[in-house]
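Beneath this line is the structure, given in structure tokens, with notes to follow.
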Amino acid sequence: MPKILISDSTLRDGSHAVGHQLNSHQVAVYAAAAEAAGIPIVEVGHGNGLGASSLQLGESLISDNEMLISARKHLTNSKLGILIIPGFATINKDLSRAIEAGVDVVRVASHCTEADITERHITYARQKGKEVYGVLMMSHMAPKEMLVDEALKMELYGAEGVILMDSAGAYLPSDVTEKVSALVNKLRIPIGFHAHNNLGMAVANSIAAVEAGATILDGTVRGFGAGAGNAQLEVLVAVLEKMGYSTGIDLYKILDAADIAEKEMIKVIPSIKSESIVSGLSGVFSGFLKPVNRIAQKYGVDPRDIFFELGRRQVVAGQEDLIIEVAQELSHRRDIK
Amino acid sequence: MNHILKSVRKDCDEVTASSIPLLYKLKGECIFITGGTGFMGTWLVEMVTFLNDVYSFNTRLILLSDRANNFSAKASHLAMRKDVELVERDVRNLIEIPEVVTYIIHAAANPDNRMHASDPLKTMDVISRGTDAVLNAAVRLPVLKKLLNISSGLIYGPQPPDFDSIAEDYRGGSDCGSVTSAYSEAKRFAETLCAAYRSQYKIAIVTARPFAFIGPYQLLDKPWAINNFIRDSLMGGPVRILGDGQTVRCYMYPSDMAFWLLRILIDGTPGLAYNVGSPHGVTLQQLAEKITGNFPIKPRIISRVAGESDLYRSKLVPDVTLAQKSLGLNLTVDIDEAIRRTLLWHRESGIKGI
């Protein structure tokens, strides 16, 4: 039976959904539930990864270290994972401390055309004997040939797998098939896929990825994540099981874990709001949703207009400051009219 | 001389023990080595200075390197010697080679595939323009006897699955349209450039195509299987194998490498290329077992760490019949002993590269 490696981003991507306000108790309770379900990798941290807590991106309620220590205590067979984006996370300040806190899996992410910036972080984590993956964010913004080149760099730096992120939830299954197939054909390391549900395609896209040869999938229980949420993990596990794939996850216990998460930390179950659809269509990172809404309200402009303008400008994660600029411009244009 | 340096001397002694006369042609010569302070260069210097000290070869070395000034930190016992001269310069900017030079070993190139990925243009530039600069300077030398061009086993591209090993006459190649071929394609170009200079300027050029090595002076920060296995084992494990562990690689100990290169330099036939490496393939599973077997508490070995995939299965093993038959070259250090000595080196030198 083909085996799929599941990485659970609930305690990382889900952080976006609650303004990065997860507390130690919630982290501990969910980590214990994930461990019981046999989830292979449990990713923990600020929504934008290690070291990303800030005024503009959102300040975490508890520090990275507290989150990691809380999760670590409850993970024995499940591995503790982190996401790091070089620039937010530095090696000395963040990564080395996370490794000291007992991280097993390090995912080093960059915008899909900027894999060069991941070399030092990948090298460092490999030197520390950790399992290391490369992540190409906003992968819908680059053609498959460019994704192959960038993913190959990560492979050469020492990544043990490369994950394509559909950060904006912009893919249709045929896009996923095209891009994942290209990577599977050209790389020697496993390929993974991280879906977002802006267009209601997260589970379907994840399945398309697997059928194109991906062997790593990300998901979050109840789809708890940025914007419209992620591939709903318990659904994904059930579908994979039905299709004959093995995940090593206990179905009943992942269903229990999802119930526990809903009770303990998911104030509002992610749904596909109008702005999320616009985010998916415009190809703008789902994590922009909350700041866009906030800033749209402040400047009295339509958040959908902001999204389409951001999409036209091809903004990427980390360029959140542009939201204000765009809102000001739209507001200015409206005033002139 | 400290213990680890003595062990390198012992390695040089061992590999040359019954073959010193085969190296007599180097006596009183002057060898110019580009990339002279790298892994390969450092071992060549260890070998030649050993010959000078123990067998009075009186061979002079001039090392060209863009990081020559760092050599004293890496190997001060070599950098401060009277028979070793350091020249700090980018090989691409080489104009002249001292007239006293009688042999050249052109080894300047960075084999780190991370650099090939991040800066493919520089990778290709250093190899293509660097080789051209060396050859251009070499043709003006009055007493040059031979030039050894260090190419790469990577020029063959992927080894066909039905091949046990790759011989020098294999005409494969890597995907020339891929950015990951920057190093191997540049090395192919450099070989052709050597052929052109040999044809037009009648200088004696021989080529070596090195494969994989493991031993002292090699840092453990490279993302290559054996380096990772050794580093992870030294840190207590676990050792992680990507894929099912059936990928086949081969490793030569660097004292053998240095001896082979000097022999090819002296007696290799101009115009020919010689594979340099171990002909004994080892699967990554076997390799991990061999490495971890050196520890009292054997580190755990985990395979298939990142999901099912047979894509890892590949093989890269040289056929070294040409070097064996025409130059009488053989391996004196097998893989088990190479691993044992490498571990000892890293333990005693504080696990460099971590």
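Chains as they are written, first to last, in this note's numbering: chain F, 1168 to 1504; chain Y, 1019 to 1372. The beta-carbon is built from N, C-alpha and C at its ideal position, and this holds for glycine as well. Quick caveat: nothing in here was measured; it's all calculated off a predicted structure.
For a contact meaning CB atoms closer than 9 Å, what does ASP1283/F contact in chain Y? Translated into the one-based positions of the first sequence, residue 1283/F becomes position 116. Simply ALA1135, SER1136, ASP1137.
Let's test the definition: count the other Cβ atoms within 10 Å of the Cβ of VAL1493/F and tell me whether it reaches 16, buried, or not, exposed. Position 326 of the first sequence, counted from the start, is the residue given in the question as residue 1493/F. Looking at its Cβ environment, which holds 16 or more other Cβ atoms inside 10 Å, VAL1493/F is buried.
Going straight from the alpha carbon of ALA1484/F to that of GLY1186/F, what length do you get? Numbered from its first residue, the first sequence carries residue 1484/F at position 317. Numbered from its first residue, the first sequence carries residue 1186/F at position 19. Between ALA1484/F and GLY1186/F, the C-alpha separation is close to 16 Å.
Cβ shell of LEU1489/F (< 8 Å), same chain only, five flanking positions each side left out: Position 322 of the first sequence, counted from the first residue, corresponds to residue 1489/F. The answer, listed in chain order, is LEU1477, ARG1480, VAL1482.
Measuring only the C-alpha atoms, how far is LEU1170/Y from PRO1297/Y? What you label residue 1170/Y is simply residue 152 of the second sequence in a count that begins at 1. What you label residue 1297/Y is simply residue 279 of the second sequence in a count that begins at 1. Residue identity differs from the one stated: residue 1170/Y is Ser in this sequence, not Leu. Straight-line Cα distance between these residues: approximately 15 Å.
What are the uninterrupted segments assigned as alpha helix (DSSP H) that are 4 or more residues long and contained completely in the segment 1138-1200 of chain Y, given in chain order? For the segment 1138-1200 of chain Y, whole alpha helix (DSSP H) runs of length 4 or above, ordered along the chain, are 1138-1156.
Using a C-beta to C-beta distance shorter than 7 Å, which residues of chain F count as neighbours of ASN1087/Y? Numbered from its first residue, the second sequence carries residue 1087/Y at position 69. Per Cβ cutoff of 7 Å: no residues; ASN1087/Y is ~23 Å from chain F at best.
Span of the alpha helix (DSSP H) holding GLY1181/F? Counted from its first residue, the first sequence places residue 1181/F at position 14. 1177-1184 is the span of the alpha helix (DSSP H), which, as asked, contains GLY1181/F.
GLN1464/F classed as buried or exposed, judged by whether at least 16 other C-beta atoms fall within 10 angstroms: One-based indexing of the first sequence puts residue 1464/F at position 297. That one is exposed.
Straight-line CA distance for TRP1061/Y to ALA1276/Y? What you label residue 1061/Y is simply residue 43 of the second sequence in a count that begins at 1. What you label residue 1276/Y is simply residue 258 of the second sequence in a count that begins at 1. Going from the Cα of TRP1061/Y to the Cα of ALA1276/Y covers about 6 Å.
Alpha-carbon spacing of VAL1377/F relative to MET1432/F, whole angstroms: Residue numbering aside, residue 1377/F sits at position 210 when the first sequence is read from its first letter. Residue numbering aside, residue 1432/F sits at position 265 when the first sequence is read from its first letter. Cα to Cα, VAL1377/F sits roughly 30 Å from MET1432/F.
At a CB-CB cut-off below 8 Å, which residues of chain F make contact with PRO1178/Y? Within the second sequence, the letter at position 160 stands for residue 1178/Y. Per Cβ cutoff of 8 Å: no residues; PRO1178/Y is ~16 Å from chain F at best.
Report, in whole angstroms, the separation of the C-beta atoms of ILE1258/F and TYR1291/F, which I expect to be a contact under 8 Å. Your numbering for residue 1258/F matches position 91 in the first sequence. Your numbering for residue 1291/F matches position 124 in the first sequence. Right, the Cβ-Cβ distance comes to about 5 Å (below 8 Å), so this counts as a contact.
Output the distance between the C-alpha atoms of SER1273/Y and LEU1165/Y, rounded to the nearest integer angstrom. Counting from 1 along the second sequence, the entry for residue 1273/Y is found at position 255. Counting from 1 along the second sequence, the entry for residue 1165/Y is found at position 147. Using only the alpha carbons, I get a separation of about 21 Å.
Establish whether the CB of ARG1267/Y and some CB of chain F are separated by less than 8 Å. Position 249 of the second sequence, counted from the start, is the residue given in the question as residue 1267/Y. ARG1267/Y does not count as touching chain F.
When the distance is taken between beta carbons, is ALA1395/F closer than 8 Å to ILE1439/F? On the first sequence, position 272 is the one that residue 1439/F refers to. On the first sequence, position 228 is the one that residue 1395/F refers to. Contact flag set, yes.
Of all the residues that make up the segment 1339-1360 of chain F, which are near chain Y by a beta-carbon distance shorter than 7 Å? Correct list: ARG1355, ILE1356, PRO1357.
Per DSSP, ILE1383/F forms a beta bridge with which residues? For the purposes of this step, residue 1383/F is identified with residue 216 of the first sequence, where counting begins at 1. ILE1383/F is bridged to LEU1172/F, GLY1359/F.
Over the uninterrupted alpha helix (DSSP H) stretch that includes PHE1247/Y, give me the two end residues. Here residue 1247/Y corresponds to residue number 229 of the second sequence, with the count starting at 1. Note, PHE1247/Y: alpha helix (DSSP H), 1243-1252.
Where do the ends of the beta strand (DSSP E) carrying ARG1501/F lie? Taking the first sequence and counting its residues from 1, one reaches residue 1501/F at position 334. ARG1501/F -> not in any beta strand (DSSP E); alpha helix (DSSP H) instead, spanning 1488-1503.
Chain Y beta carbons: is any one of them nearer than 8 Å to that of ASP1316/F? Against the first sequence, residue 1316/F aligns to sequence position 149. Yes, because at least one Cβ of chain Y sits closer than 8 Å to the Cβ of ASP1316/F.
Give me whichever residues DSSP pairs with VAL1105/Y in a beta bridge. Indexing the second sequence from 1 puts residue 1105/Y at position 87. DSSP lists LEU1082/Y as partners of VAL1105/Y.
Taking the alpha-carbon positions, what's the ALA1155/Y to GLY1053/Y distance? By one-based count along the second sequence, residue 1155/Y stands at place 137. By one-based count along the second sequence, residue 1053/Y stands at place 35. Computed Cα separation, rounded: 16 Å.
Within this structure, are the beta carbons of VAL1109/Y and VAL1152/Y separated by less than 8 Å? The residue you call residue 1109/Y lines up with position 91 of the second sequence. The residue you call residue 1152/Y lines up with position 134 of the second sequence. In contact: VAL1109/Y and VAL1152/Y (Cβ atoms closer than 8 Å).
Using a Cβ-Cβ cut-off of 6 Å (strictly less than) and excluding sequence neighbours within five positions of TYR1271/Y, which residues of its own chain qualify? The residue given as residue 1271/Y occupies position 253 in the second sequence. Excluding residues within five positions, the ones whose Cβ falls inside 6 Å are GLY1233, VAL1351, ALA1356.
Could you pull out every residue in the same chain whose Cβ sits closer than 6 Å to the Cβ of PHE1050/Y, ignoring the five residues on either side in sequence? Taking the first residue of the second sequence as 1, we reach residue 1050/Y at position 32. Result list for PHE1050/Y: ILE1080, ILE1115, VAL1119, ILE1122, in chain order.
Interface residues of chain F facing VAL1197/Y [CB-CB closer than 8 Å]: Taking the first residue of the second sequence as position 1, residue 1197/Y is located at position 179. Within chain F, the residues near VAL1197/Y are ASP1316, LEU1319.
Start and end of the beta strand (DSSP E) containing ILE1276/F? On the first sequence, residue 1276/F is found 109 positions in, with the first residue counted as 1. The sequence given here places Ala at residue 1276/F; Ile does not occur at that position. Run containing ALA1276/F: 1272-1278, per the beta strand (DSSP E) assignment.
If you follow the beta strand (DSSP E) that GLY1301/F is in, where does it begin and where does it stop? As a working note, residue 1301/F is residue 134 in the first sequence. Taken as a continuous stretch (DSSP letters only), the beta strand (DSSP E) holding GLY1301/F covers 1298-1304.
Along chain F, which residues have their Cβ under 7 Å away from the Cβ of GLY1260/Y? The residue given as residue 1260/Y occupies position 242 in the second sequence. It is worth fixing the name first, because residue 1260/Y is Leu in this sequence and not Gly. Within 7 Å Cβ-Cβ: GLU1327, ILE1356.
Please check if any C-beta of chain Y sits within less than 8 Å of the C-beta of GLU1160/F. Since the first and last residues shown for chain F are 1168 and 1504, residue 1160/F lies out of range.
List the residues of chain F that ASN1131/Y touches, going by C-beta distances under 7 Å, in chain order. Here residue 1131/Y refers to the residue found at position 113 when the second sequence is read from its first residue. In chain order: LEU1323.
Just confirm the distance between the C-beta atoms of ARG1274/F and ILE1249/F, as a whole number of angstroms; I'd bet it's less than 8 Å. Stepping through the first sequence from its first residue, residue 1274/F is reached at position 107. Stepping through the first sequence from its first residue, residue 1249/F is reached at position 82. Yes, ARG1274/F and ILE1249/F are in contact; Cβ-Cβ is about 7 Å, under 8 Å.
PRO1253/F and SER1277/F - do their beta-carbons sit closer together than 8 Å? Locating residue 1277/F in the first sequence gives position 110, counting from the first residue. Locating residue 1253/F in the first sequence gives position 86, counting from the first residue. A contact, by the Cβ cut-off of 8 Å.
Residue closest to ALA1371/F, alpha-carbon to alpha-carbon, out of MET1410/F, PRO1437/F, VAL1315/F, LEU1350/F: Here the question's residue 1371/F lines up with position 204 in the first sequence. Nearest option by C-alpha distance: MET1410/F.
Got a sec, what are the start and stop residues for the beta strand (DSSP E) ARG1258/Y sits in? As a working mapping, residue 1258/Y is identified with position 240 in the second sequence. Note, ARG1258/Y: beta strand (DSSP E), 1257-1259.
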